[in-house]
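J.: Take a look at the following structure, please.
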Amino acid sequence: MEGSSFKIFVNSLLILLVILSNTKPSLASRDLAPKPNTDFIRTSCSATIYPRICFSSLLRHADSIQTSPKVLTATALNVTLAAAKSTSALFLNLSQSHGLKPREIGAMKDCLEVLSDSVYELRESIAEMGKLKGSDFQVVMNDIETWVSAALTDEDTCTDGFEGKAMNGNVKNDVRKFILNIAHMTSNALALINKYASLHV
Ligand SMILES: *[C@@H]1O[C@H](CO)[C@@H](O)[C@H](O)[C@H]1NC(C)=O
Ligand SMILES: *[C@@H]1O[C@H](CO)[C@@H](O)[C@H](O)[C@H]1NC(C)=O
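Yeah, the sequence shown ends on 1585 if you go by this note's numbering, and it's all consecutive.
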């Protein structure tokens, strides 16, 4: 009983997130606006390990990205941070919900901790992006790569924490899905950062 009501709860949260993330301007205003060029985003994303999630997460920012590798890279970090923050909020919510075993709550709390580290590291990397104008491009770039790699490591720690624990299969799968999504977005951002860095050698 507990497992199934929890599953329903998770599913309604998932649906809510999907609805929120798909909120778009009305059809009319979309038709009037010129179609942004998405080829640049598609080509850039083809250099990442998860090109589909890369493309879908950047598509709605096509207007501001245009064909700028710098804006593309900064946007990839920003959407990753936003996703990490909303996943954090979701996990906080889940960890306070009924129907979880103490062991599951423990794993969720461990995960929340590393996720908040990862949010911090992504924030730092975004702040560094703002310093890229100077002459020490490579130094700043190295810092950014270090922050984002650390974020990725933290996210992996979270998925590992859920392995091997006696956990309800559904909860485990849902949690994994969310963390993997963040980890894939982070990995993509890192690939785009590396690509952007290589343009400046
Ligand atoms: C990313 O977020 C930072 C901090 O909120 C902001 O200053 C910057 O303009 C954003 N960059 C893009 C490309 O949206
Ligand atoms: C969790 O999310 C649900 C649905 O969005 C909301 O009604 C509830 O108040 C939240 N609970 C906590 C503890 O944030």
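We treat Cβ as the ideally placed atom computed from N, Cα and C, and that holds for glycine.
Report yes if the C-beta of A1458 is less than 7 Å from at least one heavy atom of ligand 1; otherwise report no.
T.: True, at least one ligand heavy atom lies under 7 Å from that Cβ.
J.: Can you check whether the CB of A1468 is closer than 8 Å to the CB of V1503?
T.: Cβ atoms of V1503 and A1468: closer than 8 Å.
J.: Measuring only the C-alpha atoms, how far is K1485 from T1537?
T.: Rounded to the nearest angstrom, the two C-alpha atoms are 27 Å apart.
J.: Would the beta-carbon of S1441 be found less than 7 Å away from any heavy atom of ligand 1?
T.: No.
J.: Can the beta-carbon of L1476 be found closer than 8 Å to that of L1461?
T.: Contact: no.
J.: Considering only C-alpha positions, which residue in the set E1539, T1451 and T1459 is nearest to F1562?
T.: Taking only the C-alpha atoms, the option nearest F1562 is E1539.
J.: Hey, how far is the Cα of E1488 from the Cα of N1421?
T.: If I take the Cα positions, the gap works out to 45 Å.
J.: Terminal residues of the continuous alpha helix (DSSP H) containing N1477?
T.: Start and end: P1453 to S1479.
J.: List the endpoints of the continuous alpha helix (DSSP H) containing G1490.
T.: Where G1490 is concerned, the enclosing alpha helix (DSSP H) stretches over P1486 to M1513.
J.: Is the beta carbon of V1498 within less than 7 Å of some heavy atom of ligand 1?
T.: Outside the cutoff, so no.
J.: Measuring CB to CB, does A1575 end up less than 8 Å from I1433?
T.: The answer is yes: Cβ separation under 8 Å.
J.: May I ask which residues mark the beginning and end of the alpha helix (DSSP H) holding I1577?
T.: Start and end: G1553 to S1582.
J.: Under 6 Å Cβ to Cβ from C1438, same chain only, skipping five residues before and after it: list those, please.
T.: Answer for C1438: C1429, T1432 and N1572, listed in chain order.
J.: Would L1465 and L1499 be called neighbours here (beta carbons separated by less than 8 Å)?
T.: No. Outside cutoff.
J.: For a quick check, are the C-beta atoms of L1564 and P1453 less than 8 Å apart?
T.: Cβ distance not < 8 Å, so L1564 and P1453 don't count as in contact.
J.: Under 7 Å from any heavy atom of ligand 4, does the C-beta of N1462 make it?
T.: This structure does not include ligand 4; its bound ligands are ligand 1 and ligand 2.
J.: Closest to I1577 by CA distance: which of S1519, M1525 and S1479 is it?
T.: Among S1519, M1525 and S1479, the Cα nearest to that of I1577 belongs to M1525.
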